[in-house]
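Be aware that the sequence shown starts at 17, since it is given in the working numbering, and climbs by one per residue. These notes are about the structure you will find just below.
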Amino acid sequence: MAKFKKLVVRKDTLMLDFRSLTFLSVCKHMNFTKAAIELSLSQPAVSQHIRYLEDKYNCILFIRNKKDIQLTPEGKLLFSALKTISQDEKKIYEQIRYLSDDKGMLKNYSFGLSMTIGEYAITPAILKLVHENPETNFHIKYQNTETLLKCLDNGIIDFAVVEGYVNSDYYNVKKISSEEYIPVCSGKYKFSKPVGQLSDLLGERLIHREVGSGTLAMLISILAMQNISINDFGRTVEVNNMHMIVQLLKSSCGISFLYKSAVEPELKSGELVEIKLKDFKVVHDFSFIWNKNSIFSDEYEGIYNRINDFLNEMQ
């Protein structure tokens with residue numbers, strides 16, 4: 017007979033009923049009608065499910081306006097809790113599915129890497145993690161930060177390593193590394209005028225990442241602090257591939273703002289150079305994140321610690 021390791025689940029874990037799933041669907045769409053369509057329910061049924069939860073928790077979950085709805089503070093708290101329970105339930109089903117009769121429980125992790133950190137800064141540590149765990153299935157997804165957060169919310173991935181800003185109300189956030197964020201161009205690039213500060217770059221063509229990228233979100237935030245926007249550059253190239261951005265830079269097609277680790281070889285060779293500005297000095301964190309209060313938090317934190325160990329060994 018097959019021998020299985022016992023699946024341990026915290027006794028206080030509550031699996032979701034249909035009304036909680038309705039609430040999550042409404043949160044996903046922020047629209048009762050769209051939630052009803054997704055769940056094949058009538059809109060009155062969706063409203064009834066939400067009223068049941070509001071009565072159960074003795075609070076208002078949504079502020080309803082004519083044009084849209086918004087979560088109340090109580091609604092945000094319930095969303096965070098139910099979202100985590102939903103993802104944990106999917107993980108439990110997944111672990112049961114991967115039970116092996118000879119090896120006990122076969123680990124199965126799905127995780128995401130934002131494009132910059134995934135392609136450059138953390139790759140050696142991921143290679144060591146995979147090599148160290150030969151009996152584990154890994155499913156690795158490369159996407160921008162916004163897409164990875166949606167994957168985490170929908171249970172497609174268990175955890176992620178991302179750049180950009182993350183809401184710690186919904187996720188456990190652990191710093192992986194701090195990286196310099198610098199303006200760069202080709203070593204042969206010809207500026208339209210002398211450059212000494214950020215505003216001097218507005219006459220140049222800006223090469224930047226796509227909407228949804230943590231790198232772009234951070235750039236927009238940094239520029240806003242100096243009352244500058246992407247549109248102020250006039251000429252831009254939007255690219256969702258880091259290798260293409262590097263090639264455009266090397267061909268003197270414009271300037272960009274990137275994490276230093278993403279172009280370290282090109283900086284050392286002189287193909288690319290850092291643009292020295294008096295008013296631009298930015299260091300930003302890459303973060304390891306997972307859903308807050310997950311019953312698998314100890315496992316995910318253990319993986320974070322192992323990746324951190326690998327990165328420290330490389331320094």
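Cβ coordinates follow ideal geometry from the N, Cα and C atoms, glycine included.
Asked: Run the CB neighbour count on N46, radius 10 Å, all protein chains shown included, and call it buried at 16 or more, exposed below.; Found: Checking the sequence shown, residue 46 turns out to be Met, not Asn. So M46 ends up on the exposed side.
Asked: With DSSP as the reference, identify every bridge partner of S194, one or two as the case may be.; Found: D301
Asked: Give the DSSP bridge partners of C167, in chain order.; Found: DSSP output for C167 lists no bridge partner at all.
Asked: Please classify N188 as buried or exposed, where buried requires at least 16 other C-beta atoms within 10 Å of its C-beta.; Found: buried
Asked: Taking 6 Å as the limit between beta carbons, can you name the residues of its chain near V62, skipping five residues before and five after?; Found: T38, F48, A51, A52
Asked: Does DSSP put L32 in a helix, a strand or coil?; Found: coil
Asked: Taking only three categories from DSSP, how would you classify K332?; Found: Nothing can be reported for residue 332: it is not among the residues displayed for the chain, which extend from 17 to 331.
Asked: Could you spell out the range, first to last residue, of the alpha helix (DSSP H) harbouring F326?; Found: 313-330
Asked: Give a yes or no on contact between the stretch 90-97 and the stretch 61-79, applying the rule of three or more CB pairs nearer than 8 Å.; Found: yes
Asked: Between the stretch 260-270 and the stretch 308-321, do at least 3 Cβ pairs fall closer than 8 Å?; Found: no
Asked: Rounded to whole angstroms, how far is the Cβ of Y288 from the Cβ of S202, which I believe are closer than 8 Å?; Found: One point to set straight first is that residue 288 is Leu, not Tyr, in the sequence displayed. L288 to S202, Cβ: 6 Å. Contact.
Asked: Is I223 closer than 8 Å to V253 when the C-beta atoms are compared?; Found: yes
Asked: The alpha helix (DSSP H) spanning E148 covers which residue range?; Found: 139-148
Asked: At the level of alpha carbons, what is the spacing between L235 and L69?; Found: 41 Å
Asked: Compute the distance between the beta-carbons of V299 and E179, then report whether it is under 8 Å.; Found: no
Asked: Pull up the distance between the alpha-carbon of G219 and that of N124, whole angstroms please.; Found: 50 Å
Asked: So L222 is in the beta strand (DSSP E); what residue range does that whole segment cover?; Found: 222-224
Asked: Closer than 6 Å by C-beta to K19: which residues in its own chain qualify, once you throw out the five before and the five after it? Chain order, please.; Found: Below a pLDDT of 50, predicted positions are generally treated as unreliable, and K19, at 34, falls in that range; no measurement from the model is reported.
Asked: Closest to K99 by CA distance: which of D295, P140, S41 is it?; Found: S41
Asked: So, helix, strand or coil for V253, using DSSP?; Found: strand
Asked: Could you give the distance in angstroms between the alpha-carbon of L214 and the alpha-carbon of D84?; Found: 39 Å
Asked: Is any heavy atom in the ligand COA found nearer than 7 Å to the beta carbon of K144?; Found: Absence of the ligand COA is noted for the structure shown, with no ligands found whatsoever.
Asked: Is C167 closer than 8 Å to G212 when the C-beta atoms are compared?; Found: no
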